[in-house]
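What follows is one structure encoded as structure tokens, with my remarks underneath.
There are 2 protein chains.
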Amino acid sequence: MSGQITIGRLAKATDTKAVTIRYYESAGLISPVNRTQGGYRLYTDREKDRLLFIKRARQLGLSLEDVKSLLGLADDENAPCEQVDSIIHEQLERVRSRVRDLLKLEQELGRLERGCKAETIGECKIIESLSR
Amino acid sequence: MSGQITIGRLAKATDTKAVTIRYYESAGLISPVNRTQGGYRLYTDREKDRLLFIKRARQLGLSLEDVKSLLGLADDENAPCEQVDSIIHEQLERVRSRVRDLLKLEQELGRLERGCKAETIGECKIIESLSR
DNA sequence: CATGAAGGTTCTAGCCACTATAAGGTCAAG
DNA sequence: CTTGACCTTATAGTGGCTAGAACCTTCATG
Chain D
1 MSGQITIGRL AKATDTKAVT IRYYESAGLI SPVNRTQGGY RLYTDREKDR LLFIKRARQL
61 GLSLEDVKSL LGLADDENAP CEQVDSIIHE QLERVRSRVR DLLKLEQELG RLERGCKAET
121 IGECKIIESL SR
Chain C
133 MSGQITIGRL AKATDTKAVT IRYYESAGLI SPVNRTQGGY RLYTDREKDR LLFIKRARQL
193 GLSLEDVKSL LGLADDENAP CEQVDSIIHE QLERVRSRVR DLLKLEQELG RLERGCKAET
253 IGECKIIESL SR
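Chains as they are written, first to last, in my numbering: chain D, 1 to 132; chain C, 133 to 264.
Here it is as structure tokens:
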């Protein structure tokens with residue numbers, strides 16, 4: 001029961017930045033909240049929960065678009081969770097494919113690194129590989 | 133000895149897009165070339181080689197900034213190749229660290245995927261995890 | 001030599017998810 | 001009432017392109 005807090009406190013409480021919270025509002029992930037007479041945004045636990053949800057989803061590497069979908073889905077208790085599953089599944093596939101690509105890259109970079117025993121650019125195997 | 137070619141032909145020859153080549157020029161990776169009377173850029177093998185160098189470096193995941201440095205270094209035969217090595221080494225480290233992160237993500241996403249046997253959002257373990 | 005298609009030119013805006021900066025207004029404590 | 005921490009909006013920038021508009025050039029045809 002922390003009552004109403006300003007954006008800075010919410011930022012601290014959720015380890016986000018105030019600008020990011022405002023950005024989420026402008027992007028439609030968090031709806032506009034009540035303001036003080038002076039125009040300061042006032043947040044409640046509701047927004048804190050929502051922001052933490054967003055944070056956790058972002059930590060899964062999901063796009064804001066996907067996070068937005070999840071937030072929408074989360075609000076309808078009786079809807080089937082197929083779409084949730086497929087968002088997660090597709091993300092998993094993206095991650096797996098990215099890992100495969102990066103492992104190939106790691107191999108290649110490793111080969112280059114080990115291959116170069118030169119002192120000067122003229123003899124450098126790395127520059128040589130890149131040049132053809 | 134292909135002589136002078138227009139941007140579209142260079143693009144085809146290097147599997148790049150013309151806009152990308154112009155972008156590289158504006159970014160300082162390729163220097164401005166001679167033009168026809170009508171203003172068409174005319175490229176030679178020199179630029180073709182340079183572009184292929186850029187492509188290969190980009191395939192290693194290097195930033196245009198790093199590619200630019202490599203191009204600069206490549207031009208000085210007698211310079212030590214330390215800096216080349218360190219660009220590659222740092223990229224390798226970035227890739228390794230990214231792989232580690234993505235593998236953790238894969239674990240987490242896999243757990244979520246396997247954990248959800250629910251039919252509706254109300255019982256969905258994924259939404260539950262994200263909600264706290 | 002005229003025409004038309006294919007391909008070139010510059011410029012501007014958009015993508016994503018922020019980050020940075022400026023110029024100003026509000027709030028609470030002392 | 002002043003101070004200083006915090007808030008406000010607006011604008012521009014990041015990287016590495018991509019998309020589109022409006023216009024101009026080139027070159028193979030008829």
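The C-beta atom is built at its ideal place from N, Cα and C for all residues, glycine as well.
Fair warning: this is a prediction, and the values are worked out from it, not measured in the lab.
Tell me which residues share the same chain as THR44 of chain D and place their Cβ nearer than 7 Å to its Cβ, disregarding the 5 neighbours each side in the sequence. GLN4
SER129 of chain D beta carbon less than 8 Å from that of ALA206 of chain C: No, these two residues do not count as a Cβ contact at 8 Å.
VAL95 of chain D to ALA159 of chain C, Cα distance in whole Å? 31 Å
Please go through the same chain and pick out, in chain order, the residues whose beta-carbon is closer than 8 Å to the beta-carbon of LYS187 of chain C, but skip the five residues on each side of it. A distance below 8 Å between beta-carbons, with the five flanking residues on each side excluded, links LYS187 of chain C to the following residues of its chain, in chain order: THR146, ASP147 and THR148.
Closest residue to ALA211 of chain C among D:ARG9, D:GLU119 and D:ILE21 (Cα-Cα distance): Closest by alpha carbon: D:GLU119.
Residues of chain C with a CB under 9 Å from the CB of GLY110 of chain D: which are they? LEU224
Closest by CA to LYS125 of chain D, which one among C:GLY254, C:GLU225, C:GLU214 and C:GLN223? Proximity to LYS125 of chain D across C:GLY254, C:GLU225, C:GLU214 and C:GLN223 peaks at C:GLU214, based on C-alpha coordinates.
Does the CB of GLU197 of chain C have a neighbour CB from chain D at under 8 Å? no
VAL199 of chain C, buried or exposed, once every other Cβ within 10 Å from all chains shown has been counted against 16: buried
For a cutoff of 8 Å on Cβ pairs, would you count LEU202 of chain C as touching chain D? At a cut-off of 8 Å between C-beta atoms, LEU202 of chain C counts as an interface residue with respect to chain D.
Quick check: is the beta carbon of MET133 of chain C nearer than 8 Å to any beta carbon in chain D? Residue confidence is low: MET133 of chain C scores 49 on pLDDT, short of 50, so the model does not pin down where it sits. Its coordinate-derived value is still stated next. Not one chain D Cβ lies under 8 Å of MET133 of chain C.
Residues in the same chain with beta-carbon distance under 6 Å from GLY140 of chain C, minus the five sequence neighbours each way, listed in chain order, please. ALA150
Report the rounded CA-to-CA distance for ALA57 of chain D versus GLY171 of chain C, giving the unit in angstroms. 50 Å
Can you tell me which of D:GLU113, D:PRO32, D:ILE88 and D:VAL33 puts its alpha carbon nearest to the alpha carbon of SER63 of chain D? SER63 of chain D has its Cα closest to that of D:ILE88, out of D:GLU113, D:PRO32, D:ILE88 and D:VAL33.
I'd like to know if ARG230 of chain C contacts chain D, where contact means its C-beta is closer than 8 Å to some C-beta of that chain. yes
Who are the near neighbours of LEU42 of chain D in its chain, counting only those whose CB is closer than 8 Å to its CB and skipping five residues on each side? GLN4, ILE5, THR6, VAL33, ASN34, ARG35 and THR36
Suppose you measure from the CA of SER31 of chain D to the CA of ASP76 of chain D; what does that come to, to the nearest Å? One C-alpha to the other measures close to 17 Å.
Using only CA atoms, which one of D:CYS116, D:ARG22, D:TYR23 and D:ARG98 lies nearest to ASP217 of chain C? D:CYS116
Check the Cβ of GLU157 of chain C against every Cβ in chain D and list those closer than 8 Å, keeping chain order. By Cβ distance, chain D contributes nothing, its closest Cβ being about 20 Å from GLU157 of chain C, past 8 Å.
Integer-rounded CB distance, given that LEU102 of chain D should sit under 8 Å from LEU192 of chain C: That belief does not hold up - the Cβ atoms of LEU192 of chain C and LEU102 of chain D are roughly 11 Å apart, past 8 Å.
Pull up the distance between the alpha-carbon of ILE153 of chain C and that of ALA143 of chain C, whole angstroms please. 7 Å
So ALA152 of chain C contacts chain D; which residues on that side make the cut at Cβ distance below 7 Å? As written in the sequence, residue 152 of chain C is Thr, which differs from the Ala given in the question. Ordered by position in chain D, no residue passes the 7 Å Cβ test against THR152 of chain C, which lies about 18 Å from the chain.
Between GLU245 of chain C and ASP181 of chain C, what straight-line distance do the alpha-carbon atoms span, to the nearest angstrom? Each residue's alpha carbon lies about 47 Å from the other.
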